[in-house]
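Peer 1: Sequence positions in the sequence shown follow mature numbering (1 follows the signal peptide of the UniProt record, and there is no 0) and run -22 to -1, 1 to 70.
By construction, the Cβ of each residue, glycine as well, lies at the ideal position given by its N, Cα and C atoms.
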Amino acid sequence: MKRKKIWISVIASMLIGTVSVAASSGIELHEFFNEKGEKVIYPWESIENPDLNYDGPQDQVYVGQIIQTEDGPEKVIAVDEQGSYVTEVLEQ
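#1: In terms of DSSP beta bridges, what is Tyr20 paired with?
#2: Hey, out of Gly42, Glu52, Val67, Asp49, whose CA is closest to Phe11's CA?
#3: When the Cα atoms are used, what is the spatial distance from Val67 to Thr47?
#4: Return the first residue and the last residue of the beta strand (DSSP E) that Phe52 is part of.
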């Protein structure tokens, strides 16, 4: 029982540390939906960052779609209700 409490404390401390670092860096956790319709959480950088470019077909993408970006082809792996999406870079 004592070990279980220690493990819970360690895991909680790690989670709190991760969330506080993400919050201080302008990154938040955001809910998306994957190809199975399951809710998934990905880190999402705050839109106030002027270096980010949000132009593009956000309202036209779907999970599994291959899009061409400046970095090359990327596969959409998750989409949220507002049309924002998460991609993974494909090997060329």
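Peer 2: This is what the structure gives:
#1: Taking the first residue of the sequence shown as 1, we reach residue 20 at position 42. Looking at the DSSP assignment, Tyr20 forms a beta bridge with His8.
#2: As a working note, residue 11 is residue 33 in the sequence shown. In this structure, Gly42 is the residue among Gly42, Glu52, Val67, Asp49 with its C-alpha nearest to the C-alpha of Phe11.
#3: The residue labelled residue 67 in the question sits at position 89 within the sequence shown. The residue labelled residue 47 in the question sits at position 69 within the sequence shown. Inter-residue distance for Val67 and Thr47 is about 9 Å (C-alpha atoms, whole angstroms).
#4: To locate residue 52, count along the sequence shown from 1; it is residue 74. The sequence shown places Glu at residue 52, rather than the Phe named in the question. Here the beta strand (DSSP E) through Glu52 covers 50 to 57.
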